[in-house]
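Below you'll find the structure, written out as C-alpha cells, and then a few comments.
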C-alpha cells in the first residue's frame with residue numbers, strides 16, 4: 463500500500479475520531495450528536511472552521527481556546543490520532559489479506575466491506591472506552607450495538623463454512639458465553655465492587671468478535687494493562703504523598719478501556735498469550 467493511501471486513510475480516521483469525541487461528550491446529555499456546532503466549554507464561543515481540523519487545530523491553537531485562553535483537553539488529539547492509527551492498521555490488514563479476497567469475483571467489494579465493518583466496530587469500541595473513562599459507565603446502546611455486530615460477523619463466518627463446525631469452531635462459538643459468565647460471576651459475587659455488569663456485556667461482544675483463543679488473550683491482556691496502570695498510579699500517588707484515597711479498579715479507573723485496548727492489540731497481533739491454540743491443536 464502506498465504512502466498517499468495510508469495518509470488519506472489516516473486523515474479519514476482522524477475525522478471519525480473527532481466525531482467519536484463529540485459522541486462521548488453529548489451522548490445521553492440531551493444534545494444531538496449529529497447537529498449543533500462545537501463550542502468552547504468554558505466561554506461557550508462557537509468554534510470557527512479552522513479550529514475544527516483534527517489534531518492540527520489543537521497544536522495550532524497551542525492547546526487553548528482562541529477566545530478565552532482556557533485549556534483544551536488533550537483527549538481530543540489523542541482520540542483523533544488513535545482512531546487514525548486504527549483505521550490505517552485495519553486497511554493494512556485488509557491489504558495483507560488481499561490474496562485471500564482476490565480469489566472471489568467480488569473480492570474487492572468484500573475487502574472494502576470488511577474494512578468498513580472493522581473500522582466501525584473499533585470506532586464504536588473507542589467511543590465505549592472514552593465514555594467509560596468520562597462517566598464510569600458503559601452505555602447500553604453502544605455495547606448492544608457492538609454485540610449485535612460481533613454476533614453478525616460470527617454468524618457470517620459459520621454461514622460461509624456451510625455451518626460445518628470443527629472443534630475449534632465450537633470453542634469460538636462458546637467464547638462469548640464463557641467470557642460473559644466469568645465476568646458476570648465476578649460482578650455478582652462482588653456485588654459490583656470488582657467490576658460492573660457492563661464489562662460482562664462488553665466481553666460477550668469481544669468473545670464473539672475474536673473467538674475463543676484471541677478473546678481470552680484479549681481479556682488477559684486487558685487485566686495486565688489494568689494492573690500495570692493501577693501500579694503506576696499507586697506509585698505516582700506515593701511520590702506525591704497523596705495517600706488519602708485507596709486505588710482500585712472500579713473506584714478510581716474504569717476497566718472497559720483496558721479490555722478494549724487488549725481486544726484491539728490482540729486483533730492485529732493475534733498473540734496467543736497462554737498458548738491455548740497450541741494446546742487445543744494437541745488435544746484435538
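Numbering (the working numbering), first residue to last: 463 to 746. Just so it is clear, CB atoms sit at the ideal spot from N, CA and C, and this is done for glycine as well. Quick caveat: nothing in here was measured; it's all calculated off a predicted structure.
Counting only the same chain and skipping the five closest in sequence on each side, list residues whose C-beta sits under 7 Å from that of residue 665. 641, 642, 645, 681 and 721
Could you check where the alpha helix (DSSP H) with residue 489 kicks off and where it finishes? Taken as a continuous stretch (DSSP letters only), residue 489 belongs to no alpha helix (DSSP H), as it is neither H nor E.
In or out: residue 585 buried (at least 16 other Cβ within 10 Å) or exposed? Taking a 10 Å sphere around the C-beta of residue 585, we find 16 or more other C-beta atoms and assign the residue as buried.
Going along the chain, which residues of its own chain have a beta-carbon closer than 8 Å to the beta-carbon of residue 587, five neighbours each way excluded? Close CB contacts of residue 587 within its chain, under the 8 Å cut and outside five residues either way in sequence, are with 608, 722, 725 and 726 (chain order).
Residue 649: first and last residue of the uninterrupted alpha helix (DSSP H) it sits in: Looking at the DSSP string, the run of the alpha helix (DSSP H) that includes residue 649 is 629 to 652.
Residue ranges of each alpha helix (DSSP H) run of no fewer than 4 residues wholly in the stretch 653 to 694, ordered along the chain? none
Residues of its chain near residue 596, where Cβ-Cβ distance is below 8 Å and the 5 sequence neighbours each way are ignored: 486 and 487
Could you tell me the boundaries of the alpha helix (DSSP H) in which residue 542 lies? 537 to 558
Are the stretch 617 to 627 and the stretch 503 to 519 in contact at 8 Å, needing three or more beta carbon pairs? no
Excluding the 5 residues preceding and the 5 following residue 693 in the sequence, name in chain order all residues of the same chain whose CB lies nearer than 7 Å to its CB. Contacts found: none.
Under 8 Å Cβ to Cβ from residue 711, same chain only, skipping five residues before and after it: list those, please. Interpretation of residue 711 is limited by its pLDDT of 45, a score under 50 that renders its predicted location unreliable; the figure taken from the coordinates is listed afterwards. Answer for residue 711: 656, 657, 688, 692 and 717, listed in chain order.
May I have the straight-line CA-CA distance separating residue 475 from residue 738, to the nearest angstrom? 34 Å
Bridge partner(s) assigned by DSSP for residue 526: 533
Count the other C-beta atoms from every protein chain shown that fall within 10 angstroms of the C-beta of residue 466, then say buried if there are 16 or more, exposed otherwise. Within 10 angstroms of the beta-carbon of residue 466 lie fewer than 16 other beta-carbons, which makes it exposed.
Where the alpha helix (DSSP H) containing residue 515 begins and where it ends: Careful: residue 515 lies outside any alpha helix (DSSP H) and carries neither H nor E.
Nearest by alpha-carbon distance to residue 547: which of 615, 491, 730 and 536 is it? 730
Please state whether DSSP places residue 712 in a helix, a strand or coil. Below a pLDDT of 50, predicted positions are generally treated as unreliable, and residue 712, at 46, falls in that range; the measurement from the model is reported next regardless. Of the three classes helix, strand and coil, the one that applies to residue 712 here is helix, per DSSP.
Mapping DSSP to helix, strand and coil, what is residue 468? helix
Report the rounded CA-to-CA distance for residue 483 versus residue 734, giving the unit in angstroms. Rounded to whole angstroms, residue 483 to residue 734 spans 32 Å at the Cα level.
From the DSSP output, which residues share a beta bridge with residue 501? 508
Same chain only: Cβ atoms within 8 Å of residue 499, ignoring 5 sequence neighbours per side: 508 and 509
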